[in-house]
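With the working numbering, letter number 84 in the sequence shown gets 107, and the count goes up by one each step, no holes. Each residue gets a CB set at the ideal place from its N, CA and C atoms; glycine is no exception. This structure is a prediction, so every number in the text was calculated from the model and none was measured.
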Amino acid sequence: MLDQDHLFRFVFENTDMRGELVRLNASFQTALKYHDYPPPVRDLLGEAIVATVLLGATIKFDGSLNLQIQGSGPVKLLLVQLSSERTFRGMAEWDPEANYAGDKWSLNELVGDGRLAITVEPENFGDRYQGIVDLCADTLSGVLENYFDRSEQLKTRLWLGASDATAAGLLIQLMPQKNDKSTHNQYQEESDDWQRVNHLSNTISMQELLHIPTKELLHRLYNEEDVRLFEAESLSFRCKCSKPSIENMLQSLGYQEVSEVLAKEKVVSVKCEFCKQNYQFDTVDIERLFSESISPVVPKTRH
Ligand SMILES: [Zn+2]
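Quick look at the structure:
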């Protein structure tokens with residue numbers, strides 16, 4: 024079904040506003056199947072994945088767009104990576120000792136004090152970009168609205184939701200006016216159009232966001248508006264871990280550290296944090312790896 028695992032972009036004709044709607048089903052299920060997340064952690068991860076997809080559709084990037092949350096609560100780390108080919112992977116590190124009872128968890132209860140970073144890692148050349156905001160709102164959508172306001176100077180609203188089967192999000196944004204050479208101040212003014220569309224969007228329920236077919240949903244929300252919908256773009260889960268990337272990571276750790284693990288464990292085993300794929304290296308593999316490793320030191324990154 025076209026509605027599933029797709030991103031829809033649309034514009035409000037004769038205004039400076041655009042929108043995006045994303046719904047992830049099978050791809051979200053794939054991201055979840057390697058983990059056993061408690062429901063509040065799963066929902067936050069789902070929201071973070073759709074938020075990254077929505078974000079990725081508003082900025083041009085070539086390589087990887089990362090959304091990372093670090094905190095002091097039960098969720099210590101949450102990381103989503105989106106590629107310019109519209110594949111993603113995501114994971115959360117959570118405290119198994121914490122009590123996850125109850126279904127209404129604020130961002131603060133889950134993450135505690137923390138920060139959210141948006142990073143663009145270019146594929147080949149180009150600048151690495153990073154924007155950081157404090158977790159100064161009770162919801163991920165609130166934090167991201169602040170981020171857009173401060174870092175991108177674009178008025179933006181987001182509605183995010185996730186359940187065990189689906190993660191979905193809606194974004195509306197006031198675009199910069201093309202011929203305006205003045206600063207962004209003008210865009211901060213809330214026009215009647217913006218206020219009206221904002222109000223209409225705000226009527227969306229979680230049930231509608233997660234389940235109503237896209238065209239029907241847009242009609243329900245904006246039936247008085249002139250909305251032009253663009254062709255849908257598909258999204259899928261893909262983990263980019265590979266044996267060579269794990270070998271690079273081991274080489275960057277250095278022979279001494281790796282051989283100490285080998286001596287103790289008899290085998291060096293590395294599990295991908297996203298897809299749980301296990302990579303194993305025995306003595307022969309490690310000797311071969313380091314006898315070949317005249318390559319330059321590779322920076323430590325997530326593999
Ligand atoms: Zn993996």
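In the three-state reduction of the DSSP assignment, L105 falls in the strand class, which pools E and B. L276 and K294 have their C-alpha atoms spaced approximately 16 Å apart. Here the C-alpha atom of C159 lies approximately 18 Å from the C-alpha atom of L177. Those residues placing their Cβ nearer than 6 Å to any heavy atom of ligand 1 are, following chain order, C262, C264, C295, F297, C298, Q300.
When DSSP reads this structure, K294 sits in a beta bridge with N301. With distances taken between CA atoms, L55 lies nearest to C262 out of E231, N122, C262. Taking all protein chains shown into account, S228 has fewer than 16 neighbouring C-beta atoms within 10 Å of its C-beta and is therefore exposed. Under the DSSP assignment, H242 falls in the alpha helix (DSSP H) whose first and last residues are 237–245.
Pairing L181 with E315, the inter-Cα distance amounts to about 49 Å. DSSP, read as helix, strand or coil, puts H29 in strand. Around the C-beta of E270, 16 or more other C-beta atoms lie within 10 Å, and the residue is accordingly described as buried. C-alpha of A190 to C-alpha of R311: approximately 44 Å in a straight line.
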